[in-house]
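Asks:
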Amino acid sequence: SVARSAALAVGSRLSEARGAAAATYCALLEALVDQHVLEVVTTLVDEELERGWWDSALESSCVVMADGQGGTEALQRVFAICWSGRTTAVVERMLLPMLRHSQRALCEEFYSNNLDRLLSELSVKYRAGGSRAVLRARCLAYTRAFLLLTTLFETVGRAAIQSSRS
577 SVARSAALAV
587 GSRLSEARGA
597 AAATYCALLE
607 ALVDQHVLEV
617 VTTLVDEELE
627 RGWWDSALES
637 SCVVMADGQG
647 GTEALQRVFA
657 ICWSGRTTAV
667 VERMLLPMLR
677 HSQRALCEEF
687 YSNNLDRLLS
697 ELSVKYRAGG
707 SRAVLRARCL
717 AYTRAFLLLT
727 TLFETVGRAA
737 IQSSRS
């Protein structure tokens, strides 16, 4: 597919992307409305621990996605993808900027659709004697949920959360 070819052109690490590879990455960001491209970019973001030029390009693309017609759909797709990552990078570098740059009504809709999932992630307990992989997965899930709930209070506000219609 085109998305897979573009991902191969960028390379496996964003920090190694230079010249044409950097231009390819920017072109990928412009095409984030495509589901396959979104999956490729989230995979790259999840695996890149370093910060660099790509972060500002990524944030700009997230702002455009959040402001566009498909803002609700884009938020939901990134939210669905973020739970399968090995790090919190997709939440921190994509979902949170999208929410912070979205209109309040869009944030309210997003959180009303996903609050149960966030709270259920926090209610799952880690059982002593479990594997390190399970502990790591639980810690990542808790961190993602707490980051998103913190942003809930930043974007929607306490008064709206505590109102009778929420």
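For the sequence shown, this note's numbering assigns the number 577 to the initial residue and increments by one for each residue that follows. Glycine included, C-beta positions come from ideal geometry on N, C-alpha and C.
Looking at C-alpha atoms only, which residue of 672, 688, 731 and 697 is the closest neighbour of residue 723?
Replies: Working through the sequence shown from its first residue, we reach residue 723 at position 147. Selected option, being the one with the closest Cα: 672.
Asks: Of the choices 656, 655, 613 and 668, whose alpha-carbon is the least far from that of residue 627?
Replies: If you number the sequence shown from 1, residue 627 lands on position 51. It is 668 whose Cα lies nearest to the Cα of residue 627.
Asks: If you reduce the DSSP assignment to three classes, tell me which class residue 649 lands in.
Replies: To locate residue 649, count along the sequence shown from 1; it is residue 73. Helix at residue 649.
Asks: Quick check on DSSP: helix, strand or coil for residue 629?
Replies: Counting from 1 along the sequence shown, the entry for residue 629 is found at position 53. In this structure, residue 629 counts as helix in the three-state DSSP scheme.
Asks: Rounded to whole angstroms, what's the CA-CA distance from residue 726 to residue 705? Just pull it up for me.
Replies: Numbered from its first residue, the sequence shown carries residue 726 at position 150. Numbered from its first residue, the sequence shown carries residue 705 at position 129. If you take the alpha carbons of residue 726 and residue 705, they lie about 30 Å apart.
Asks: Given this structure, state the Cα-to-Cα distance separating residue 733 from residue 684, to the nearest angstrom.
Replies: Along the sequence shown, read from residue 1 onward, the residue named residue 733 stands at position 157. Along the sequence shown, read from residue 1 onward, the residue named residue 684 stands at position 108. One C-alpha to the other measures close to 10 Å.
Asks: Tell me the rounded alpha-carbon separation between residue 680 and residue 720.
Replies: For this step, residue 680 is matched to residue 104 along the sequence shown. For this step, residue 720 is matched to residue 144 along the sequence shown. The straight-line gap from Cα to Cα measures roughly 21 Å.
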